[in-house]
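Reading through the structure tokens given below for one structure.
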Amino acid sequence: MRIPFTKMHGLGNDFVVLDARIDALPPIGPATAAGISDRRTGIGCDQLILLQPSDVADFRMRIFNADGGEVEACGNASRAVALLHGSKASVETAGGTIAMEPMGNGARIDMGTPRFGWDEIPLAYAMDTLAMPVAWENLENPCAINVGNPHAIFFVEDGPSVPLERLGPEIECDALFPERINVNVAQVTGPASIDLRVWERGSGLTRACGTGACATAVAAIRRGVVSGRRIAVTLPGGTLDIEWTEAGRIMMTGPATTSFIGSFEWTDYA
3 MRIPFTKMHG LGNDFVVLDA RIDALPPIGP ATAAGISDRR TGIGCDQLIL LQPSDVADFR
63 MRIFNADGGE VEACGNASRA VALLHGSKAS VETAGGTIAM EPMGNGARID MGTPRFGWDE
123 IPLAYAMDTL AMPVAWENLE NPCAINVGNP HAIFFVEDGP SVPLERLGPE IECDALFPER
183 INVNVAQVTG PASIDLRVWE RGSGLTRACG TGACATAVAA IRRGVVSGRR IAVTLPGGTL
243 DIEWTEAGRI MMTGPATTSF IGSFEWTDYA
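Each residue of the sequence shown is one higher than the one before, starting from 3 at the first, in this note's numbering.
Here you go:
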């Protein structure tokens, strides 16, 4: 049974997209998702994206990280899927329903409203999520936000100097975060600009993270370290435009690209 796929990326954050909206696929478990994502023995990607029919939206998007774990949201994948779909759509995700609109070589995504409650992140116990009284070496007092998936944002003076490849997995798996956490290291570079590096839960260091950019922009606005409600967030793979509207919605605009299309034998990964 050969399965068609589309390989896509958003600012270097790459995906294998499987479209099961018309023709159903066999169930995908962690081992299959991890096998397809493996860069040496599989197709290779940061996330495997599965499109399915939905009863509450135009279609459903499921997201599997490279380790095979299923997660709630992915901003970069949302832009890629919008480009693939080719028109406006409402999309069901495990993190809530989002709206997408393709625009030129990318898309504008309504990512919904952020959540700030300690039990909405979630954290293991109650604390202030705007400036958490915790630290890992020189990374301290992060802001925690759930934008469909959970993020901890650390504001630092020198982002490139932070050993995120070492501290990222330690923070991700800390007992404070019962569902693990995405780790963001942000350096404010202007009144409406931020440089960002992300250790992504289940995938590791990534060239771009759309939900991380959204969470970081919201955190910066809440902390008052930027001016206005529209922020340019620059990641290693490029820049995203993030607006936190007066109505409380997060709007993300940025590029996406189709890399190639192909097919694989299902039994190779089942």
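Beta carbons: idealized from backbone N, C-alpha and C, even for Gly.
Beta-carbon proximity of residue i to residue j, cut-off 8 angstroms
{"i": "Ala-75", "j": "Ala-258", "result": "no"}
{"i": "Val-18", "j": "Val-83", "result": "no"}
{"i": "Trp-246", "j": "Val-220", "result": "yes"}
{"i": "Ala-56", "j": "Arg-62", "result": "Ala is not the amino acid found at residue 56; the sequence shown has Ser there. It is a contact, given that the beta carbons lie within the stated cut-off."}
{"i": "Ala-249", "j": "Gly-77", "result": "no"}
{"i": "Gln-49", "j": "Arg-23", "result": "no"}
{"i": "Arg-225", "j": "Asp-243", "result": "no"}
{"i": "Val-73", "j": "Gly-230", "result": "no"}
{"i": "Ala-234", "j": "Ser-261", "result": "no"}
Spatial neighbours of residue i in its chain, beta-carbon cut-off 6 angstroms, leaving aside the 5 residues before and after
{"i": "Trp-138", "result": "Leu-169 and Ile-173"}
{"i": "Pro-144", "result": "Met-134, Ala-154, Ile-155 and Phe-156"}
{"i": "Glu-202", "result": "Asn-184, Thr-208 and Cys-211"}
{"i": "Phe-66", "result": "Ala-35, Leu-50 and Glu-72"}
{"i": "Val-252", "result": "Reading off the sequence, residue 252 comes out as Ile, not Val. Cβ within range, chain order: Met-113, Cys-216 and Trp-246."}
Close-in-space but distant-in-sequence residues of the same chain around residue i (CB under 7 angstroms, 5 per side omitted)
{"i": "Val-58", "result": "Glu-94 and Thr-99"}
{"i": "Asn-15", "result": "Asp-48, Asn-78, Thr-208, Arg-209, Ala-210, Cys-211 and Gly-239"}
{"i": "Met-129", "result": "Trp-120 and Pro-135"}
Terminal residues of the alpha helix (DSSP H) in which residue i lies
{"i": "Leu-169", "result": "166-174"}
{"i": "Thr-99", "result": "Thr-99 -> not in any alpha helix (DSSP H); beta strand (DSSP E) instead, spanning 98-105."}
{"i": "Val-83", "result": "77-87"}
{"i": "Gly-37", "result": "32-39"}
8 angstroms Cβ shell around residue i - same chain, five flanking residues per side excluded
{"i": "Ile-161", "result": "The question names Ile, but residue 161 is Gly in the sequence shown. Same-chain partners within the cutoff: Val-187, Ala-188, Gln-189, Asp-197, Leu-198 and Arg-199."}
{"i": "Gly-264", "result": "Pro-6, Phe-7, Lys-9 and Ile-45"}
{"i": "Ala-146", "result": "Phe-118, Trp-120, Ile-123, Leu-125, Thr-131, Met-134, Pro-152, His-153, Ala-154, Ile-155 and Ile-183"}
{"i": "Arg-81", "result": "Gly-12, Met-102, Gly-108, Ala-109, Ile-111, Gly-212, Met-254, Gly-256, Pro-257 and Ala-258"}
{"i": "Arg-4", "result": "Ser-265, Phe-266, Glu-267 and Trp-268"}
{"i": "Cys-175", "result": "Arg-182"}
Segment limits, beta strand (DSSP E) that includes residue i
{"i": "Gly-214", "result": "Run containing Gly-214: none in the beta strand (DSSP E); it sits in the alpha helix (DSSP H), 212-225."}
{"i": "Arg-23", "result": "Premise fails: Arg-23 is in no beta strand (DSSP E) and is neither H nor E."}
{"i": "Ser-92", "result": "91-95"}
{"i": "Gly-12", "result": "4-12"}
{"i": "Gly-256", "result": "252-257"}
{"i": "Ala-109", "result": "108-112"}
{"i": "Thr-241", "result": "240-246"}
{"i": "Arg-199", "result": "195-202"}
{"i": "Leu-52", "result": "49-54"}
Between the CA atoms of residue j and residue i - distance to the nearest angstrom
{"i": "Thr-131", "j": "His-11", "result": "32 angstroms"}
{"i": "Thr-269", "j": "Ala-68", "result": "19 angstroms"}
{"i": "Cys-47", "j": "Ala-36", "result": "9 angstroms"}
{"i": "Glu-159", "j": "Thr-191", "result": "9 angstroms"}
{"i": "Gly-70", "j": "Ala-33", "result": "6 angstroms"}
{"i": "Pro-165", "j": "Thr-218", "result": "19 angstroms"}
{"i": "Val-149", "j": "Ala-272", "result": "32 angstroms"}
{"i": "Pro-193", "j": "Glu-167", "result": "28 angstroms"}
{"i": "Ser-92", "j": "Ser-163", "result": "40 angstroms"}
{"i": "Gly-106", "j": "Ala-222", "result": "28 angstroms"}
{"i": "Gly-97", "j": "Asp-21", "result": "20 angstroms"}
Exercise for review: Would you be able to state if there are at least three C-beta pairs under 8 angstroms between the region 227-241 and the region 204-214?
Suggested key: yes
Exercise for review: For the region 74-88 and the region 123-140, state whether three or more C-beta atom pairs, one from each stretch, are separated by less than 8 angstroms.
Suggested key: no
Exercise for review: Please determine if the region 27-41 and the region 110-124 are in contact, where contact requires at least 3 C-beta pairs separated by less than 8 angstroms.
Suggested key: no
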